[in-house]
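Engineer:
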Amino acid sequence: MAKEGLFKIGGLENVQINIGKIVSEEDEWEPMGPVPCPEVEDMRHWYMKLLDRYPPFYAPYCDMCCLCTFGKCDLTGNKKGACGLDMRGQQARFVLIACCMGASAHCGHGRHMLHSLIDMFGADVPVDLGTQINVEAPIMRTVIGVKPKVLGDFAKAFDYVEEQIAQMMDATHTGQEGSYLDYEAKAYHVGMLDSLAKEASDMIQMIAFKYPMGADVPLVDIGVGCVDTDKPIILVIGHNVIPSVAIIDYLDEHDMRDLVEVAGICCTAIDNTRYDFKAKVVGAIGRQLRFVRSGVADVIVVDEQCIRADIVEQAQRVQAPLIATNNKALYGLPERSGDPAEEIIEDLASGKMAAVAILDPEKVAEVVPKLAMIMKNKRKNIRTLPSDAEQKEYAARCYDCGNCVLACPQGLPIDRAMQELAAGNPEPMSILFDKCVGCGRCEQVCKWEIPIVDVMQKTALKQVKSEKFKMRVGRGPVLDTEIRNVGAPLVLGTIPGVIAVVGCGNYPDGTEDVYKIAREFALRKYIVVATGCGAMDMALYRNEEGETIYEEFPGGFEAGGVVNIGSCVSNAHIHGAAIKVASIFARRNLRGNMDEIADYILNRVGAAGVAWGAMSQKAASIGTGVEVWGVPVVVGPHGAKYRHAHIGRKDDLTKWDVYNMRDGSKVRCEPAPEHLILGAETVEEAIPLLARLCMRPVDNPSGRQIKLTHYMDLSMKYLGAYHDDWPIFVRSETDLPLARKEEYLKVLEKDYGWKIDWDSKKILEGPLRKQDPQFDPTNLERLLKGAE
Amino acid sequence: MNTIPFDPGCVPGPEMARLADPRTIGIAIKRAKRPILVVGAEILKDDLIDKAIEIGKKGTPIAATAHSMKTFVEKGYTDNVFMCNMHPLANNFTRNDWMGFDGKGNYDVIVFLGVTYYWSSQMMSAVKNFATNPLRMAVSIDRYYHPNAKMSFENIRDTEQFKSMVDEVIAQL
Numbered sequence: 003m004a005k006e007g008l009f010k011i012g013g014l015e016n017v018q019i020n021i022g023k024i025v026s027e028e029d030e031w032e033p034m035g036p037v038p039c040p041e042v043e044d045m046r047h048w049y050m051k052l053l054d055r056y057p058p059f060y061a062p063y064c065d066m067c068c069l070c071t072f073g074k075c076d077l078t079g080n081k082k083g084a085c086g087l088d089m090r091g092q093q094a095r096f097v098l099i100a101c102c103m104g105a106s107a108h109c110g111h112g113r114h115m116l117h118s119l120i121d122m123f124g125a126d127v128p129v130d131l132g133t134q135i136n137v138e139a140p141i142m143r144t145v146i147g148v149k150p151k152v153l154g155d156f157a158k159a160f161d162y163v164e165e166q167i168a169q170m171m172d173a174t175h176t177g178q179e180g181s182y183l184d185y186e187a188k189a190y191h192v193g194m195l196d197s198l199a200k201e202a203s204d205m206i207q208m209i210a211f212k213y214p215m216g217a218d219v220p221l222v223d224i225g226v227g228c229v230d231t232d233k234p235i236i237l238v239i240g241h242n243v244i245p246s247v248a249i250i251d252y253l254d255e256h257d258m259r260d261l262v263e264v265a266g267i268c269c270t271a272i273d274n275t276r277y278d279f280k281a282k283v284v285g286a287i288g289r290q291l292r293f294v295r296s297g298v299a300d301v302i303v304v305d306e307q308c309i310r311a312d313i314v315e316q317a318q319r320v321q322a323p324l325i326a327t328n329n330k331a332l333y334g335l336p337e338r339s340g341d342p343a344e345e346i347i348e349d350l351a352s353g354k355m356a357a358v359a360i361l362d363p364e365k366v367a368e369v370v371p372k373l374a375m376i377m378k379n380k381r382k383n384i385r386t387l388p389s390d391a392e393q394k395e396y397a398a399r400c401y402d403c404g405n406c407v408l409a410c411p412q413g414l415p416i417d418r419a420m421q422e423l424a425a426g427n428p429e430p431m432s433i434l435f436d437k438c439v440g441c442g443r444c445e446q447v448c449k450w451e452i453p454i455v456d457v458m459q460k461t462a463l464k465q466v467k468s469e470k471f472k473m474r475v476g477r478g479p480v481l482d483t484e485i486r487n488v489g490a491p492l493v494l495g496t497i498p499g500v501i502a503v504v505g506c507g508n509y510p511d512g513t514e515d516v517y518k519i520a521r522e523f524a525l526r527k528y529i530v531v532a533t534g535c536g537a538m539d540m541a542l543y544r545n546e547e548g549e550t551i552y553e554e555f556p557g558g559f560e561a562g563g564v565v566n567i568g569s570c571v572s573n574a575h576i577h578g579a580a581i582k583v584a585s586i587f588a589r590r591n592l593r594g595n596m597d598e599i600a601d602y603i604l605n606r607v608g609a610a611g612v613a614w615g616a617m618s619q620k621a622a623s624i625g626t627g628v629e630v631w632g633v634p635v636v637v638g639p640h641g642a643k644y645r646h647a648h649i650g651r652k653d654d655l656t657k658w659d660v661y662n663m664r665d666g667s668k669v670r671c672e673p674a675p676e677h678l679i680l681g682a683e684t685v686e687e688a689i690p691l692l693a694r695l696c697m698r699p700v701d702n703p704s705g706r707q708i709k710l711t712h713y714m715d716l717s718m719k720y721l722g723a724y725h726d727d728w729p730i731f732v733r734s735e736t737d738l739p740l741a742r743k744e745e746y747l748k749v750l751e752k753d754y755g756w757k758i759d760w761d762s763k764k765i766l767e768g769p770l771r772k773q774d775p776q777f778d779p780t781n782l783e784r785l786l787k788g789a790e
Numbered sequence: 077m078n079t080i081p082f083d084p085g086c087v088p089g090p091e092m093a094r095l096a097d098p099r100t101i102g103i104a105i106k107r108a109k110r111p112i113l114v115v116g117a118e119i120l121k122d123d124l125i126d127k128a129i130e131i132g133k134k135g136t137p138i139a140a141t142a143h144s145m146k147t148f149v150e151k152g153y154t155d156n157v158f159m160c161n162m163h164p165l166a167n168n169f170t171r172n173d174w175m176g177f178d179g180k181g182n183y184d185v186i187v188f189l190g191v192t193y194y195w196s197s198q199m200m201s202a203v204k205n206f207a208t209n210p211l212r213m214a215v216s217i218d219r220y221y222h223p224n225a226k227m228s229f230e231n232i233r234d235t236e237q238f239k240s241m242v243d244e245v246i247a248q249l
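Protein chains in written order, with our numbering: chain B, 3 to 790; chain L, 77 to 249.
1) Pair every Cβ in the stretch 505 to 515 of chain B with every Cβ in the stretch 530 to 545 of chain B, then say whether three or more of these pairs are closer than 8 Å.
2) Should the stretch 102 to 122 of chain B be called in touch with the stretch 190 to 207 of chain B, which here means at least 3 C-beta pairs below 8 Å?
3) Put Y1(B) into one of helix, strand or coil per three-state DSSP.
4) Along the chain, where does the beta strand (DSSP E) containing R474(B) start, and where does it finish?
5) Any beta carbon of chain B sitting closer than 7 Å to that of V149(L)?
6) Would M162(L) be called buried (16 or more neighbouring beta carbons within 10 Å of its own) or exposed?
7) For the stretch 519 to 541 of chain B, which residues have a beta carbon sitting closer than 9 Å to at least one beta carbon of chain L?
8) For N566(B), name the three-state secondary structure that DSSP assigns.
9) Mind checking if Y183(L) is an interface residue toward chain B, Cβ cutoff 7 Å exclusive?
10) Can you tell me which of the three DSSP states G615(B) falls into?
11) Looking at the unbroken alpha helix (DSSP H) that takes in T147(L), where does it start and where does it end?
12) Between which two residues does the beta strand (DSSP E) harbouring E560(B) extend?
13) Where do the ends of the beta strand (DSSP E) carrying Y661(B) lie?
14) Using a Cβ-Cβ cut-off of 8 Å (strictly less than) and excluding sequence neighbours within five positions of M77(L), which residues of its own chain qualify?
15) Output the boundary residues of the alpha helix (DSSP H) element that contains L770(B).
16) For the stretch 116 to 149 of chain L, which residues have a beta carbon sitting closer than 7 Å to at least one beta carbon of chain B?
17) Could you tell me which of C268(B), A271(B), P234(B) sits nearest to L253(B), measuring between CA atoms?
18) In chain order, what residues of the same chain have a beta carbon less than 8 Å from the beta carbon of L1(B), not counting five sequence neighbours either side?
19) Are R90(B) and Y49(B) closer than 7 Å when you measure CB to CB?
20) Determine the burial state of N209(L): buried for a count of at least 16 other Cβ atoms within 10 Å of its Cβ, exposed for fewer.
21) So with Cβ pairs under 7 Å, would you call M718(B) a contact of chain L?
22) For Q166(B), collect the residues of the same chain with a Cβ closer than 6 Å to its Cβ; drop the 5 residues on either side in sequence, then sort them by chain order.
23) Would you say M3(B) lies against chain L (beta-carbon separation less than 7 Å)?
24) Are the stretch 100 to 118 of chain L and the stretch 216 to 231 of chain L in contact at 8 Å, needing three or more beta carbon pairs?
25) Taking the Cβ atom as the reference point for each residue, do R698(B) and M34(B) lie within a distance shorter than 7 Å?
26) Measure the Cβ-Cβ separation of D482(B) and Q134(B) and say whether it is below 7 Å.
27) Quick one: what's got a C-beta closer than 6 Å to L131(B)'s C-beta in the same chain, skipping five residues either side?
28) Distance cutoff 7 Å, beta carbons only. Does G722(B) sit that close to anything in chain L?
29) Below 8 Å on the Cβ atoms is my contact criterion, and I expect E687(B) with I730(B) to pass it. Report the Cβ-Cβ distance as a whole number of Å.
30) Please name the residue or residues paired with A93(L) in a DSSP beta bridge.
31) Name, please, each residue of chain B whose Cβ falls closer than 7 Å to the Cβ of G102(L).
32) Could you name the residues of the stretch 638 to 662 of chain B whose beta carbon sits closer than 7 Å to any beta carbon of chain L, in the order they occur along the chain?
33) Can M159(L) and M145(L) be called in contact, C-beta distance under 7 Å?
34) Residues of chain L with CB under 9 Å from G404(B), in chain order?
35) Under 8 Å, with one C-beta from each stretch per pair, do the stretch 113 to 131 of chain L and the stretch 182 to 193 of chain L reach the 3-pair mark?
36) With the cut-off set at 7 Å, would you say I567(B) and A520(B) are in Cβ contact?
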C-alpha cells in the first residue's frame, strides 16, 4: 500500500515527477456491495424492474423532432424519424436530455462551490456534523461506496457524476440509443446521479460554512414586506451562495451588517439564511420579475440557475446596477474582476455601465455594499410602479383583445380584470397577483404596451407590502437520532408517511396550494419535509391563530413535523433520510448497494413527493432521482409537459408479485405504491392521491389501518367519494378504519361479494392476500436465501 | 374562425384538430360505438356540470377526473360516473387491452369537457399519437381550440355562446 511522506529515488537527475493524488486505502467501514460507482448497465436490472412495473406513458409536447439536419421529422402517430427513432423513443430521449440538464446544473453548482471552498478553507476541512449524525453522506456511501472525511473527499462524487453525465448525454446523440425503455433507464441513472450531486453540493457548503442543523434552527423573515426599505437593499438571486456569503462577511467585517439589507430570491435566499439569520427571504421564483420591477433593490447580484435571462434589461428598467457573479450566466457583460473596486463602483454608480460581471467573490464583496450605499441615495426618487394616473391610463388603453389571456401560461383572465380596473374596480386584478407565476409573457403580446406585470402589482401593493411571515431556516440532513425514533413507526406504517413538498413555483392556482398540502398532512401526523420554492411558498400563509406553518408545527423529523430541509440541493437529504432508515433502523449495508437500498425503500418506507409547481429541468432530474430510490412523485398539471409518467396497472396483478425474502416465494401484493410519477389537475385531487401512494406492502395492520383511514377520509373530504378499488388495500378486517369498520364490512359484503363472519366481524374471503407479519418483501432475486 | 391554439405556443406539428361546429361533433359522438365523456376541474365553473349530467343521462359514461366527482355527488347524479385520475385514464386509452369501466372494452370517441387547457392538451396528445390502432379519437367540446384533438371548437370568450354550443352538441345525442 502507498504511504504518504518523503521518498527518494536514487540515480535520477533532472526528472520531474508529478503526483496527482495519493490514493490511500479506505477504512473497511462496511463490506463493498455489488454496485459501487455503477455504470448504467450495472444498475439496469433495477431500472428495468421499475419500468416493468411502472411502464412509461407518453404525452408528447411536440410531435416533431428538430434536433438534426435530417429533420424536421414528423413523428405523429408514433412514426419513425429519418434516424429511425420513433415517437416513444424521442419522448424518452427528451426526458433523458432534461434530466442531464438538471443533474448538470446541480453538479456544476457543486463543483464550482467545491473549488471556491477549497480556495477559501483548504481541502482538509473535516466532515463534522456533530454527535447526532454518523451516517454523514448516505447517498455518497451507497452509490460510490465512499465515506467522506474531509471537504476534498467530495471531489470523488463530482468526478463520478461528471463522467457519468457525459456518458448519458452522449447516448442522446443521433444514432445512439434506440429503445425508449433504455432511454428511461438512463434517465433513472441520471436521476440517481442528480441525488448524489445534490448531496455533495449541500454537504460541502454545510461543513465549510457551518450551517445549523436539527429541529431547533431559528425562524427567519420571509416576504416582500419584511425587507426594510429604509436601508440600502442588496438583492441576490439564484442558487450559489458563495458571492452572497462574501458580501455578508464583508458587511460584518466592516460593521455594516445592520446598515444594509441582504434580501434573496430562490435558493440563494434559503442558503443565505442558513449562514446569516438576518438575511431576508423575498420569496421563490414567482416573485423574481415582480420584485425586481418594484424597484426596491438598489443593487442586484445574480449567481446561477432560475434567473431570468433578461435580468439585465429588467434591472436597467429600474435603474438598479446588476452584477453577474457566475460564469454560467454572463449575459454578454464585461468581466471586471481584475479592475479596482472603486473604478467598478464609479462606472456602475454613474450609469456609465448598467451591469458588469465579477467572478471573484471577494471583489463582489468589495464592490456591492459600497455600491448599494451610493445607489440608495441616488435612487431615492425613482418610482417604478405606475402612478394612480398612469394606472388609469394603462387600463383605459386596453381594448380587450384577449392576447394576454392566450399568452398567460395559466390562462388567467387578465383581459376581464383589466376591463374591471378601467371601470374603477381593482379587485379582480389584485386577486390574480398570487395566481400569476410572474413570467411576463402577457406584456410581450400586448399591442398597446401596457406594463401588465406592474399594473397587477400596483393593484396588489397593499397585500404585497403586508407580506411578513416566518420561515424556519433550512436545517439540512435528518439526524440519525431522529431516524432511530421514527424508523420503526415509518416502516410499520403507524406514522402514515413522509410527504416531501419540493420543486418550483409553476403552480396551477397560486402558492396557497402547497400550504394546503403541507398543512393537511401535518395535521394528520405525517412527516412533512420541504425544500426550495415549496419550502418558501408554504410560509406565506397563516392559520386562524395567525401562525405560519413553521410556527404552527415543530421542525423535527417527527410525526406532525414541518421540516424545512433547505434549498434545491438539500433535497438529497430527503432521499438520505429514507436511506438512513434502511441503514440505521434495518441495519442494511449501504456501501455500493444501491439496488438493495432502493428496493428496501420501495417496499417499506411510506413516502411520496409532490412537485406541485415543477417547471425546470432540475425538477425533472429531482423527480426522477426520487423515483429511482423507490419514492413516488405527484406533479401538478404543468408537469404533464415533462412528456412522461410512470403508471402502474392495478388491473394486471402479475406486475405486483414480490418475493418473500424468507422463503423465496412469490407473493401477489396490492399495488403499493401504485404509480411512480404522475400528475394531478388540482390540489384536491393530489391530496388523497399522495395518501394512497404512501401505502407499502410491509405495512403492519395498525399502520395499514391508519394509512387507509387517512386515504378514505381525504377521498371523502376532497372528492366526495371513495375510489371503487379501495378494497384492494384491505388484507384483513384489522386493516379497516376502526371508526367505520362495520360500515365498510357491509360494503365489502354487499358491493364486492366478500364473505364476512358477522359473529366475529372477520373477513373470511375476499382479500388479495393475507397480512403476514413474517413477510420480508424484495424485488431482487439476489437477496433471496440461497441466491448467489 | 380563430385557429390559434388557446396557448399559442402549443403548436404540436402537422396534425392539428379540425375546427368543427357543435352539430358535427354531436353527430360524431352519436355515431360512436363506445363514447366517453372526460371531465375535470373546470366542469365546476359556469354550471358546466349540468351539461355533463345531461350528456350522462343520454347514455354516455363519464370519467370524473380531478375533484369533479364531489359535485356529481352533490348533484345526486352518479349513475354512470366513474371517478379516476387523468394520467392512468389517458394511459388506458392508449392500450388495447383495457376493458373500460364496464368491462366491455376500450372507448372509441373520447370527449373532453371542463379540463384545464394544458393538462387535457397533453392527454389528447397521448391519444393522438398512441391510440392509433385501432384509432381512438379525442374530441374537445371545451371553450378552447385544442390542436391535439381530432375535432375541436375554436377559442370562445363568451360563456353563454359556449354553453349554447355545448347544448347543440347535446341536442344531437
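Glycine is no exception: its CB is placed at the ideal position from the N, C-alpha and C atoms.
Structural biologist: So, from the listed chains and residues:
1) Counting Cβ pairs under 8 Å, three or more are found: they touch.
2) Yes: at least three Cβ pairs fall under 8 Å.
3) Not covered by the structure: residue 1(B). The range shown for chain B is 3 to 790.
4) Annotation: the continuous beta strand (DSSP E) that includes R474(B) extends over 471 to 474.
5) Output row for V149(L): interface = yes.
6) In the assembly as shown, M162(L) is a buried residue. Its beta-carbon has 16 or more other beta-carbons within 10 Å.
7) Close to chain L, meaning a Cβ-Cβ distance shorter than 9 Å, is no residue of the stretch 519 to 541 of chain B at all.
8) Residue state, collapsed to three classes: strand.
9) Taking a beta-carbon distance threshold of 7 Å, Y183(L) does not count as an interface residue toward chain B.
10) Look at G615(B) here: in three-state DSSP terms it is strand.
11) First-last of the alpha helix (DSSP H) with T147(L): 145 to 151.
12) Run containing E560(B): none; DSSP gives neither H nor E here.
13) Residue range 659 to 662 is occupied by the beta strand (DSSP E) that includes Y661(B).
14) At M77(L) the pLDDT is 43, less than 50, meaning the model places this residue with poor confidence and gives no usable figure here.
15) Counting along the chain, L770(B) falls outside any alpha helix (DSSP H), and DSSP gives it neither H nor E.
16) Residues G116, A117, T141, A142, H143, M145, K146, V149.
17) When only C-alpha atoms are compared, the closest one is P234(B).
18) Nothing can be reported for residue 1(B), as the shown portion of chain B is limited to 3 through 790.
19) No, Cβ-Cβ distance for R90(B) and Y49(B) is not below 7 Å.
20) Flag for N209(L) reads exposed.
21) No, M718(B) lies away from the interface with chain L (no Cβ there is under 7 Å from its Cβ).
22) Leaving aside the five residues that flank Q166(B) on each side, the residues in its chain whose CB is nearer than 6 Å to its CB run, in chain order, L195.
23) Bear in mind that a pLDDT of 40 at M3(B), under 50, signals an unreliable position, so the number given afterwards is only what the model happens to contain. Not one beta carbon of chain L lies nearer than 7 Å to the beta carbon of M3(B).
24) Yes: the two stretches touch, three or more of their Cβ pairs being nearer than 8 Å.
25) No; because the gap between Cβ atoms is not below 7 Å, this pair is not in contact.
26) The answer is yes: Cβ separation under 7 Å.
27) Scanning its chain for C-beta atoms nearer than 6 Å, with the 5 sequence neighbours on each side dropped, one finds around L131(B) the residues E138, in chain order.
28) It does: the Cβ of G722(B) has a partner Cβ on chain L nearer than 7 Å.
29) With a contact defined as Cβ atoms closer than 8 Å, E687(B) and I730(B) miss out at about 19 Å.
30) In the DSSP output, where bridge partners are listed per residue, A93(L) has none listed.
31) Neighbours of G102(L) in chain B, taken as residues whose beta carbon is under 7 Å from its own, are absent, since the nearest beta carbon is some 26 Å off.
32) So the close ones are P639, H640, A642, K643, A647, I649.
33) Yes, these two residues count as a Cβ contact at 7 Å.
34) Against chain L, a Cβ distance below 9 Å from G404(B) picks out N231, R233.
35) Contact between the stretch 113 to 131 of chain L and the stretch 182 to 193 of chain L is established, with three or more Cβ pairs separated by less than 8 Å.
36) Against a cut-off of 7 Å, the Cβ pair of A520(B) and I567(B) comes out as no contact.
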